[in-house]
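Peer 1: Residue numbers (full-length UniProt numbering), protein chains in the order written: chain A, 1 to 254; chain B, 1 to 171; chain C, 1 to 219.
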Amino acid sequence: MAAPPRHATMQSISNGSAAQGNDRPQTQQSQHVQQSQQSPGLRVPSNRKTIYDRHLNRSRNAELSRASFAFLFGEMVTYAQRRVTGIQDLEKRLNEQGYPLGLRLLDLLFYRSTSTSSSALSSSSTSSSPPNRPLRIITLLHLIHGPLWRLLFGRAADALEHSVSPDTPNEYMITDNDPMVNTYISAPRDMSMLNCAAYVAGIIEGVCDGCGFETKVSAHNQPTELWPSRTVFLVRFGDPVMEREKVLERAGVK
Amino acid sequence: MPDNNRGVFSLIIINKAGGLIYQREFQAGLRKLSTNDYLVLAGTFHGVHAITRSITPKIPISQPAQSPATSSTGTAAPAASGYSYPNPGVPVSGLDYLETDKFRLTCFQTLTGTKFLLFTDPLTGSVDAIIQKIYELYADFVMKNPFYQIEMPVRCEAFDRHLGAWLRGRM
Amino acid sequence: MALEQNMEVSKPQCPSTGTKKRLSLRYIFVLEPELIGFIHMRRTRVDKVNAELVTLTYGTIVAQLCQDYDSNYQDVNKQLDKMGYNIGMRLIEDFLAKSGVGRCANFRETADMIAKVGFKIFLNVTPTVTNWTSDNTQFSLIFEDNPLADFVELPDDGRAQDELWFSNILCGVLRGSLEMVQMQIEAHFVSDVLRGDDTTEMRVSLVRYIEDEMPPEEE
């Protein structure tokens with residue numbers, strides 16, 4: 001692959017919990033010491049309405065119109081379509097758009113699971129260590145199937161399966177019977193293979209990568225009579241992940 | 001509910017320019033017109049609709065200078081000729097419905113100029129509510145579909161599916 | 001005479017849509033209540049999604065544009081406006097279908113409709129309408145809250161805060177949707193808290209009402 005490592009494609013617009021500026025060189029910070037300590041170069045409103053002055057959980061239960069999401073997502077698809085050569089290319093691009101979201105959502109998930117479960121943990125006598133990131137594949141997939149799906153779509157995914165084929169032990173499938181992102185979308189007949197939930201596949205990939213599980217995730221149409229837009233997200237872990245999994249298994253790590 | 005949809009024969013959607021962008025029957029075996037006839041029907045109705053707007057009678061304004069009291073409402077259009085539509089607060093509509101002994105054609109024109117033409121049995125009730133629901137489905141499954149190009153023929157599988165299902169009373 | 005009678009029967013207004021369409025009385029009482037209930041439910045219960053998904057998706061779009069246009073923020077603003085315009089042309093149908101509102105009598109009414117109904121439905125905020133010009137063709141929308149910009153900090157490159165209008169898509173949305181209901185407008189941001197300003201303000205100007213494009217005499 002000629003593309004740069006995916007983390008490098010992240011933008012500096014901190015639309016997410018991962019705040020920029022923590023890794024700024026020390027020298028720069030000292031030059032602007034009299035200014036706002038978090039963002040030396042940026043102007044802030046006099047009422048200090050910045051992202052640092054808001055609680056990260058402020059929008060936790062906030063809701064917005066589903067139409068607004070549909071229009072934004074639709075425009076993202078239209079824009080992506082202008083610059084692509086085919087269906088695969090379009091899905092790749094949508095996947096790339098979801099990827100940074102996954103990385104950011106992962107931080108948000110951890111942050112929130114820490115702040116909610118810490119009270120439960122503190123009752124036990126052990127040191128109140130925050131919940132660790134998933135080490136094993138199954139823990140990771142449960143994180144995606146449950147908490148991630150609930151954060152994004154308000155419900156868990158519909159199924160989580162492991163490939164039964166001995167040739168592909170690294171393949172897992174997460175099923176969504178009716179992906180919210182596809183609700184209003186009808187792909188043209190000549191693009192019937194297309195599944196715009198590639199965006200969601202990108203989000204999953206971001207979460208996996210952020211946890212240190214090198215993965216490729218793709219979205220596939222698997223319609224049934226009852227669920228015409230049923231989608232299967234095929235999660236394929238890389239060989240290093242599978243090897244590590246074996247080592248962890250032997251070591252008894254959960 | 002079951003009675004309600006039995007009388008719904010077919011739907012036509014006409015774009016702002018008078019072009020046919022959607023046509024569908026809701027009852028199996030309904031005799032179809034040729035594609036060309038539908039196109040002509042759409043164009044003709046569009047023209048007639050515009051004519052009915054333009055022939056709406058205008059009446060002379062009775063009291064031209066009614067003191068500045070009315071100036072606060074910006075509704076009063078510049079009364080150029082001294083004529084006005086009856087009941088100026090209500091905008092001029094075109095042909096709203098057309099009825100024979102055998103069927104009724106109800107036209108709903110959105111503020112954007114799109115027309116929904118619903119063919120029903122003359123006795124079918126709640127036609128307005130049905131058209132309103134069709135408009136909502138159109139807003140959802142046509143307008144929010146990134147692969148639909150505005151003003152072009154509607155080929156959206158999800159729109160067909162939801163429209164059919166709703167009319168069959170399943171939703 | 002028969003026609004006359006029909007006209008009598010068809011007088012009552014449809015309470016669900018508020019339109020003055022004709023309905024056959026015989027069926028109103030049999031079928032209406034059920035349908036009214038259904039429509040009423042749809043009207044009041046706007047389908048919702050997690051706000052963070054919307055915010056993050058919009059952020060992704062802007063970030064992608066900044067990357068594609070090599071941080072040429074003027075071009076990013078333009079592209080955002082264009083995308084908004086495309087959205088607006090579609091969104092207006094959703095707005096009309098779901099809100100059931102009719103045509104506004106004047107531009108002041110339009111402004112209130114945008115702020116109190118439009119923004120309320122689609123972004124769950126109600127910007128303040130203010131700073132009218134004396135001829136009632138220009139006003140400002142002041143945003144107390146802007147869900148699109150939640151979590152956002154502009155790039156610290158010495159230019160973004162001077163050049164990028166992060167929420168510029170909204171200008172295009174207004175332009176596109178109003179054009180579809182025969183109003184040509186111009187909209188731009190004049191301040192943004194993301195730039196360090198104390199308020200977020202959009203200026204909206206009516207250019208003209210677009211005349212009915214159907215020439216009845218010609219064809």
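Idealized CB from N, CA, C, for every residue including glycine.
Quick one: Cα of residue 255 of chain A to Cα of residue 76 of chain A, how far?
Peer 2: With chain A running from 1 to 254 in the structure shown, residue 255 of chain A is simply not present.
Peer 1: Under 7 Å between C-beta atoms, does residue 38 of chain B make it to chain C?
Peer 2: No, residue 38 of chain B does not count as interfacial toward chain C.
Peer 1: Report the residues of the region 66 to 90 of chain C with a CB closer than 7 Å to any CB of chain B, ordered along the chain.
Peer 2: Correct list: 89 and 90.
Peer 1: So, at 8 Å on beta carbons, what are the nonlocal neighbours of residue 223 of chain A in its own chain, with the 5 sequence-adjacent residues on each side left out?
Peer 2: Around residue 223 of chain A: 229 and 230.
Peer 1: Could you name each continuous beta strand (DSSP E) segment of 3 residues or more that falls completely within the region 128 to 156 of chain C, going from the start of the chain to the end?
Peer 2: Correct list: 128 to 130 and 138 to 143.
Peer 1: Quick check: what's the CA-CA separation for residue 140 of chain B versus residue 154 of chain B?
Peer 2: Residue 140 of chain B and residue 154 of chain B: Cα-Cα distance of roughly 13 Å.
Peer 1: Comparing C-alpha positions only, which one of A:163, A:186 and A:42 sits nearest to residue 78 of chain A?
Peer 2: Of A:163, A:186 and A:42, the residue nearest in Cα terms is A:186.
Peer 1: Based on Cα-Cα distance, which residue from B:10, B:58, B:161 and B:132 lies nearest to residue 98 of chain C?
Peer 2: Ranking B:10, B:58, B:161 and B:132 by Cα distance to residue 98 of chain C puts B:132 first.
Peer 1: For residue 208 of chain A, which residues from the same chain have a beta carbon less than 6 Å from its beta carbon, with the 5 sequence-adjacent residues on both sides left out?
Peer 2: Hits under 6 Å: 215.
Peer 1: So, under 8 Å CB-CB, residue 102 of chain A and residue 204 of chain A are touching, yes? Tell me the CB distance rounded to an integer number of Å.
Peer 2: Indeed, because the Cβ distance is near 6 Å, the residues count as touching under 8 Å.
Peer 1: So, under 8 Å CB-CB, residue 74 of chain C and residue 65 of chain C are touching, yes? Tell me the CB distance rounded to an integer number of Å.
Peer 2: Contact doesn't hold; Cβ gap of about 12 Å is too wide.
Peer 1: For a contact meaning CB atoms closer than 8 Å, what does residue 195 of chain C contact in chain A?
Peer 2: Within 8 Å Cβ-Cβ: 43.
Peer 1: In chain order, what are the residue ranges of uninterrupted beta strand (DSSP E) at least 3 long that sit wholly in the region 148 to 203 of chain C?
Peer 2: The qualifying runs are 183 to 191.
Peer 1: For residue 180 of chain C, return the contacting residues in chain B, with the cut-off set at a CB-CB distance below 7 Å.
Peer 2: Those within 7 Å of residue 180 of chain C in chain B are 112.
Peer 1: Check whether the Cβ of residue 132 of chain B sits closer than 6 Å to any heavy atom of the ligand MN, and report yes or no.
Peer 2: Judged by which ligands are present, the structure shown has none, so any question about the ligand MN falls away.
Peer 1: Excluding five sequence neighbours on each side, which residues of the same chain lie with their C-beta closer than 8 Å to the C-beta of residue 83 of chain A?
Peer 2: The answer, listed in chain order, is 93.
Peer 1: Check whether chain A comes within 7 Å of residue 57 of chain C, counting only Cβ atoms and requiring the distance to be less than that.
Peer 2: Yes, residue 57 of chain C counts as interfacial toward chain A.
Peer 1: Considering only residues of the same chain and omitting the five flanking positions on each side of residue 163 of chain B, which have a CB-CB separation below 7 Å?
Peer 2: Excluding sequence neighbours, residue 163 of chain B sits near 134 and 137.
Peer 1: What does DSSP give as the partner residue(s) for residue 69 of chain A in the beta ladder?
Peer 2: Paired residue(s): none; residue 69 of chain A is not in a bridge.
Peer 1: When the Cα atoms are used, what is the spatial distance from residue 199 of chain C to residue 48 of chain A?
Peer 2: If you take the alpha carbons of residue 199 of chain C and residue 48 of chain A, they lie about 11 Å apart.
Peer 1: Here's a check: name, in chain order, each residue in its chain whose Cβ is nearer than 6 Å to the Cβ of residue 106 of chain B, leaving out the five neighbours to either side.
Peer 2: Once the five neighbours on either side are set aside, the close Cβ partners of residue 106 of chain B are 97, 118 and 127.
Peer 1: Closer than 6 Å by C-beta to residue 218 of chain A: which residues in its own chain qualify, once you throw out the five before and the five after it? Chain order, please.
Peer 2: So the list reads 201 and 234, once near-sequence residues are dropped.
Peer 1: Ends of the alpha helix (DSSP H) at residue 83 of chain C?
Peer 2: Where residue 83 of chain C is concerned, the enclosing alpha helix (DSSP H) stretches over 73 to 99.
Peer 1: Given residue 45 of chain B, which residues of its chain have a CB within under 6 Å of its CB, disregarding the five upstream and five downstream residues?
Peer 2: Excluding positions up to five away in sequence, the list is empty.
Peer 1: Residue range of the beta strand (DSSP E) that residue 232 of chain A falls in?
Peer 2: Counting along the chain, the beta strand (DSSP E) containing residue 232 of chain A begins and ends at 231 to 237.
Peer 1: Determine, using beta carbons only, whether residue 150 of chain B comes closer than 7 Å to chain C.
Peer 2: Yes, because at least one Cβ of chain C sits closer than 7 Å to the Cβ of residue 150 of chain B.
Peer 1: Would you please verify whether the beta carbon of residue 135 of chain B is less than 7 Å from any beta carbon of chain C?
Peer 2: With 7 Å as the cut-off, residue 135 of chain B counts as an interface residue toward chain C.
Peer 1: Report the three-state DSSP secondary structure of residue 155 of chain B (helix, strand or coil).
Peer 2: Coil, per DSSP.
Peer 1: Output the distance between the C-alpha atoms of residue 47 of chain C and residue 64 of chain A, rounded to the nearest integer angstrom.
Peer 2: Whole-angstrom Cα-Cα distance: 8 Å.
Peer 1: Starting from the beta carbon of residue 71 of chain A, find every residue of chain C whose beta carbon is closer than 7 Å, and list them in chain order.
Peer 2: Residues of chain C passing the Cβ test: 87, 90 and 91.
Peer 1: Measuring CB atoms only, is the region 183 to 198 of chain C touching the region 159 to 173 of chain C, in the sense that at least three cross pairs come out at less than 8 Å?
Peer 2: Verdict: yes, contact present.
Peer 1: Nearest-angstrom Cα distance between residue 246 of chain A and residue 151 of chain A?
Peer 2: Each residue's alpha carbon lies about 31 Å from the other.
Peer 1: Verify the CB distance criterion: does residue 103 of chain C have a CB-CB separation below 7 Å to chain B?
Peer 2: Yes, because at least one Cβ of chain B sits closer than 7 Å to the Cβ of residue 103 of chain C.
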